[in-house]
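Novice:
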Amino acid sequence: MRTTMSFARRARALVTVGMLVPLGGAATAFVPRPLAVPQGSEATAAKATEQTAELTATLARLASEDIPRLPDAAAFQAGARTIAAGDRVAGPVAVSGGSADVFGTVDGDVVTFLGDIIVHNGGSVTGNVIAIGGSVRVEGGQVLGQTLNLSAAPEGAAASSRTTISHALVLVAGWCAILIVISIGVLLLASENLATVADALERHYGSALVAGLAGQVAFAPLLVAVIVALVLSLVGILLVPFAAVAYVIIAAGLVTLGFLATAVVVGRGWRPAPPGSDLAKRATTLRALIVGILVLLSPWAVAALLSPWPTAESLARGAAFATTWVACTAGLGAALVSRAGIRRTSTHHAQRAMASAGWQTPTPISGVVAARRPIASPSAARQ
Amino acid sequence: MMFVLHPRWCLAAAFTVLAAAQGAAAQDWRTLESSRQHRSDAPAKVRVEYGAGSIELAPTGDAVLYRMKLRYDTERSAPIAIFDDVARSITLGMRSGGEYRWKSGHREGSTLVGALSNRVPLDLSLELGAVRADVQLGGLKITDLVLQTGASEVKIDVNAPNSEQLVTFDIDVGAAQVTVRRGGNLRAERIKVNVGAGSLDLDLDGAWEGDVSISANVAVGAFRLRTPSDVGIRVKARTFLADFKHTGFVKRGDAWYSAGYDAAVRRADVSVTAVLGGFEIIRP
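Respectively, the protein sequence lines represent chains A and B. Quick note on the working numbering: the first sequence kicks off at 387 and runs consecutively. Quick note on the working numbering: the second sequence kicks off at 15 and runs consecutively.
#1: Can you list, in chain order, the stretches of the beta strand (DSSP E) that have 3 or more residues and sit fully within the segment 86-158 of chain B?
#2: Could you name the residues of chain B that residue 534/A contacts, counting a contact when the two beta carbons are closer than 9 Å?
#3: Taking C-beta pairs closer than 7 Å, name the residues in chain B that residue 529/A reaches, listed in chain order.
#4: If we define contact as Cβ-Cβ less than 9 Å, is residue 454/A a contact residue for chain B?
#5: According to DSSP, is residue 223/B part of a helix, a strand, or is it coil?
#6: Give me the Cα-Cα distance between residue 190/B and residue 110/B, rounded to the nearest whole angstrom.
#7: Just to confirm before moving on: does the CB-CB distance between residue 653/A and residue 673/A stay below 9 Å?
#8: Go through its chain and collect everything with a Cβ distance to residue 717/A's Cβ below 6 Å, but skip five positions before and after it.
#9: State yes or no: is the beta carbon of residue 115/B nearer than 9 Å to at least one beta carbon in chain A?
#10: Under the rule that 16 or more other beta-carbon atoms within 10 Å means buried, what is residue 263/B, buried or exposed?
#11: Helix, strand or coil: how does DSSP classify residue 412/A here?
#12: In angstroms, rounded to a whole number, what distance separates the CA positions of residue 616/A and residue 632/A?
#13: Among residues of its own chain, excluding the 5 on either side of residue 95/B, which ones have a beta-carbon nearer than 7 Å to its beta-carbon?
#14: Measuring only between beta-carbons, confirm whether residue 457/A sits less than 9 Å from chain B.
#15: To the nearest angstrom, report how far apart residue 499/A and residue 69/B are at their CA atoms.
#16: Taking the straight line between their C-alpha atoms, what separation do you get for residue 490/A and residue 52/B?
#17: Should residue 451/A be labelled buried (16 or more other beta-carbon atoms within 10 Å of its own) or exposed?
#18: If the cut-off is 7 Å on Cβ atoms, which residues from the segment 70-97 of chain B count as contacting chain A, listed in chain order?
#19: Per DSSP, what kind of secondary structure is residue 514/A in: helix, strand or coil?
#20: Taking 6 Å as the limit between beta carbons, can you name the residues of its chain near residue 161/B, skipping five residues before and five after?
#21: For chain B, is any of its Cβ atoms less than 9 Å away from the one on residue 478/A?
#22: Skipping 5 residues on each side, what residues in its chain have a beta carbon closer than 7 Å to that of residue 554/A?
#23: Going by the CB atoms, is the gap between residue 108/B and residue 131/B shorter than 9 Å?
#24: What first and last residue would you give for the beta strand (DSSP E) that runs through residue 522/A?
#25: Anything in chain B within Cβ reach of residue 451/A, meaning under 7 Å, just list it in chain order.
#26: Which class does residue 215/B belong to by DSSP, given the choice of helix, strand or coil?
#27: Compare the C-beta of residue 109/B with all C-beta atoms of chain A and state if any pair is closer than 9 Å.
#28: Are there three or more Cβ pairs, one per stretch, closer than 8 Å when the segment 436-449 of chain A is compared with the segment 502-509 of chain A?
#29: Just to confirm before moving on: does the CB-CB distance between residue 289/B and residue 233/B stay below 9 Å?
#30: Assuming residue 214/B and residue 238/B form a contact by the criterion Cβ under 8 Å, report the distance between their Cβ atoms to the nearest whole angstrom.
#31: Quick one: list the residues of chain B neighbouring residue 654/A, beta-carbon separation under 8 Å, in chain order.
#32: Buried or exposed, going by whether 16 or more other CB atoms sit within 10 Å of the CB of residue 266/B?
#33: Could you check which residue in 670/A, 685/A, 432/A has the C-alpha nearest to that of residue 569/A?
#34: Quick one: is residue 183/B buried, meaning 16 or more other Cβ sit within 10 Å of its Cβ, or exposed?
#35: What does the Cβ neighbour count give for residue 435/A, buried or exposed, with the cut at 16 atoms within 10 Å?
#36: Answer yes if the segment 570-580 of chain A comes into contact with the segment 702-718 of chain A, meaning at least three C-beta pairs across the two stretches below 8 Å, and no otherwise.
This is the structure:
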């Protein structure tokens with residue numbers, strides 16, 4: 387019925403405008419609009435249901451918080467409500483999807499969901515005034531309880547997820563840069579040690595891992611033993627702080643050296659080193675180090691990228707931690723086995739190469755380039 | 015076996031993850047604003063409990079007993095805004111909680127901006143966790159003050175004299191770095207200090223009269239006491255592997271006395287027990 391009347395009214399309007407347009411000379415300005423679909427009761431009911439669900443969820447969330455007790459969702463009345471001057475209403479007055487104007491007195495709380503609360507001059511609320519997704523304005527009235535404004539919807543989630551990712555990535559990049567700087571220092575000052583530890587790791591990975599585990603287990607007892615020994619010696623009591631600090635520094639150094647050795651091995655696996663001069667070898671080792679560090683830190687970068695999803699992030703961080711721990715443990719073991727790269731053993735590769743007939747064959751005095759002597763490292767043996 | 019990872023694939027994967035992340039909500043931020051109208055001048059007990067984030071507290075002369083604006087992450091914390099009308103006690107702040115997850119180091123922190131009435135005598139207790147705090151107490155009426163901190167960086171400034179006599183100022187410093195500027199304005203009768211692994215820098219500058227008694231236990235942290243030049247100081251120090259610089263002090267009996275202690279109008283009696291920690295008195 388309403389639709390029919392609407393059609394008739396619109397038809398009349400069209401005829402009227404059609405008659406007026408030529409008179410007014412504005413024919414080009416008139417564009418007939420499509421007829422609006424009338425708002426059915428189904429749409430209104432769906433919206434109300436959605437709002438009720440939102441209200442229920444919000445109240446459930448707020449129930450666990452240490453704030454004044456809120457009424458049940460069933461207590462909320464849809465639409466605006468006014469407490470007239472002189473009226474005295476028993477609370478709680480709960481309103482959803484509209485504002486509450488208090489001119490009179492409410493004995494108890496006033497709560498709104500997605501609406502404001504205005505306590506006008508002369509109005510009084512003996513309990514709390516709580517606006518969820520709205521605001522409270524006390525315009526000369528009295529509120530004997532607390533006034534609370536609570537946000538109904540999350541704020542700035544996308545922005546904070548972007549911030550979280552960028553900060554986590556910056557952290558990974560920072561670690562990467564620090565490790566690369568340390569790598570350059572190690573290459574300049576202790577490249578032989580690093581090469582020896584890397585070779586030890588490559589040759590005896592299993593035993594290096596076991597040695598690394600043993601080293602971790604023995605770390606604290608050994609420290610205690612050192613301190614006890616110094617204390618028992620009486621003379622060494624004064625050395626206890628220095629010994630403890632030195633012990634920790636040495637342990638940290640061994641772990642770092644071991645981690646970098648693991649990075650070298652990983653980097654070599656990614657792109658094997660071509661033969662070349664000593665300088666070229668150092669450049670190759672540096673490249674292997676950088677590649678290895680990037681590979682070993684990549685699980686942390688993946689975890690950083692997954693930081694918006696807490697469960698996935700936790701799993702990724704677990705995997706990253708496991709990777710790093712294995713790298714550090716195996717590297718520490720290799721460092722312990724090779725005594726921080728001081729003990730350089732001749733390998734069976736090298737021994738075999740040294741014993742080969744090709745090496746022992748006399749070289750002609752002229753006309754043929756001399757054969758290179760095999761180097762006692764697996765990487766060189768591969769060449 | 016040689017792995018070949020084309021850079022384009024890496025870029026595509028990274029962009030996919032980043033693009034998908036835009037729609038994901040890492041933290042569920044909400045805001046709570048709470049206040050109470052000032053209706054009585056009767057003393058109130060205020061407890062501020064704050065787990066992590068940053069906090070700013072200041073006095074207010076508005077017609078409110080307190081005012082608080084808190085921005086918090088519902089995933090990790092829950093707000094507290096409770097007023098007990100009978101006991102006239104207020105508990106404000108934020109409690110850390112929620113599901114534990116192994117998360118990355120950096121997260122956007124919660125923020126609390128609060129104001130307390132300067133018309134009502136307050137028994138104030140600040141319990142701070144991993145917090146960066148900026149607290150302005152000047153001009154408030156504080157009768158008792160408790161500060162408990164975990165791994166915090168706390169700056170307290172008292173830029174105007176306390177209108178009430180503060181009975182006890184109790185400071186418990188865990189692994190925090192606490193600085194109290196113009197603490198003399200609190201007009202404390204007794205100051206109790208516990209320093210764990212953190213540091214406390216307590217400045218007694220301000221408008222106070224009479225005597226103040228300071229007792230301090232310092233574990234492995236540091237306690238630095240700054241006093242105006244006119245204040246006479248007596249120190250009883252019990253130290254074990256701890257450092258106490260007593261330059262300018264004279265030993266009488268079992269205590270160290272500053273010059274002019276007997277004639278001083280204002281005096282500080284300090285009793286310190288320090289183990290491995292450091293204790294220092296700085297006078298201009």
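Yeah, the Cβ is synthetic: ideal placement off N, Cα and C, and Gly gets one too.
Specialist: Result, derived from the coordinates:
#1: 91-98, 103-110, 125-131, 135-150
#2: To locate residue 534/A, count along the first sequence from 1; it is residue 148. Ordered by position in chain B, the residues that pass the 9 Å Cβ test against residue 534/A are 46, 47, 48, 49, 95.
#3: Residue mapping note: residue 529/A aligns to position 143 of the first sequence, counting from 1. What residue 529/A touches in chain B: 51.
#4: On the first sequence, residue 454/A is found 68 positions in, with the first residue counted as 1. Chain B contact via Cβ: present.
#5: In the second sequence, residue 223/B corresponds to position 209, counting from 1. Of the three classes helix, strand and coil, the one that applies to residue 223/B here is coil, per DSSP.
#6: Looking up residue 190/B in the second sequence gives position 176. Looking up residue 110/B in the second sequence gives position 96. Between the alpha carbons of residue 190/B and residue 110/B lies a gap of roughly 18 Å.
#7: Within the first sequence, numbered from 1, the residue matching residue 653/A stands at position 267. Within the first sequence, numbered from 1, the residue matching residue 673/A stands at position 287. Yes. Within cutoff.
#8: The residue labelled residue 717/A in the question sits at position 331 within the first sequence. Answer for residue 717/A: 644, 645, 647, 648, listed in chain order.
#9: In the second sequence, the residue the question calls residue 115/B occupies position 101. Residue placement at residue 115/B cannot be trusted, given a pLDDT of 45 that sits under 50; the coordinates are not used to answer.
#10: Indexing the second sequence from 1 puts residue 263/B at position 249. Of the other Cβ atoms in all chains shown, 16 or more fall within 10 Å of the Cβ of residue 263/B; this residue is therefore buried.
#11: Within the first sequence, residue 412/A is the residue found at index 26, counting from 1. The pLDDT assigned to residue 412/A is 37, lower than 50, so where the model puts this residue is not dependable; a value taken from the coordinates is nonetheless given after this. It is coil, neither helix nor strand.
#12: Counted from its first residue, the first sequence places residue 616/A at position 230. Counted from its first residue, the first sequence places residue 632/A at position 246. Approximately 14 Å between the Cα atoms of the pair.
#13: Against the second sequence, residue 95/B aligns to sequence position 81. Correct list, in chain order: 46, 48, 82, 106.
#14: Position 71 of the first sequence holds residue 457/A. Taking Cβ atoms only, chain B never reaches closer than 9 Å to residue 457/A, which makes this a no.
#15: Indexing the first sequence from 1 puts residue 499/A at position 113. Indexing the second sequence from 1 puts residue 69/B at position 55. Going by the C-alpha atoms only, they are around 28 Å apart.
#16: The residue labelled residue 490/A in the question sits at position 104 within the first sequence. The residue labelled residue 52/B in the question sits at position 38 within the second sequence. So the alpha carbons of these two residues sit roughly 21 Å apart.
#17: The residue labelled residue 451/A in the question sits at position 65 within the first sequence. Buried, by the Cβ-count rule.
#18: 88, 92, 93, 94, 95, 96, 97
#19: For the purposes of this step, residue 514/A is taken as the residue at position 128 of the first sequence. Three-state DSSP puts residue 514/A in coil, outside helix and strand.
#20: Position 147 of the second sequence, counted from the start, is the residue given in the question as residue 161/B. Result list for residue 161/B: 140, 185, in chain order.
#21: Along the first sequence, read from residue 1 onward, the residue named residue 478/A stands at position 92. Answer no: the Cβ-Cβ gap between residue 478/A and chain B never drops below 9 Å.
#22: Within the first sequence, the letter at position 168 stands for residue 554/A. Once the five neighbours on either side are set aside, the close Cβ partners of residue 554/A are 690, 693.
#23: Position 117 of the second sequence holds residue 131/B. Position 94 of the second sequence holds residue 108/B. For residue 131/B and residue 108/B, no; Cβs fall outside 9 Å.
#24: Sequence index remark: in the first sequence, residue 522/A carries index 136 (1-based). Counting along the chain, the beta strand (DSSP E) containing residue 522/A begins and ends at 522-525.
#25: Residue 451/A sits at position 65 when you count from the first residue of the first sequence. Those are 92, 93, listed as they occur along chain B.
#26: On the second sequence, position 201 is the one that residue 215/B refers to. Look at residue 215/B here: in three-state DSSP terms it is strand.
#27: Translated into the one-based positions of the second sequence, residue 109/B becomes position 95. Residue 109/B counts as touching chain A.
#28: no
#29: Counted from its first residue, the second sequence places residue 289/B at position 275. Counted from its first residue, the second sequence places residue 233/B at position 219. Yes, Cβ-Cβ distance for residue 289/B and residue 233/B is below 9 Å.
#30: Locating residue 214/B in the second sequence gives position 200, where the first residue counts as 1. Locating residue 238/B in the second sequence gives position 224, where the first residue counts as 1. About 7 Å; that satisfies the 8 Å criterion.
#31: In the first sequence, counting from the first residue as 1, residue 654/A sits at position 268. Simply none; closest approach about 12 Å.
#32: Locating residue 266/B in the second sequence gives position 252, counting from the first residue. Exposed, because fewer than 16 other Cβ atoms sit within 10 Å of the Cβ of residue 266/B.
#33: In the first sequence, counting from the first residue as 1, residue 569/A sits at position 183. Per the Cα distances, 670/A.
#34: Position 169 of the second sequence, counting from 1, holds the residue named residue 183/B. With 16 or more other Cβ atoms within 10 Å, it is buried.
#35: By one-based count along the first sequence, residue 435/A stands at place 49. Exposed, by the Cβ-count rule.
#36: no
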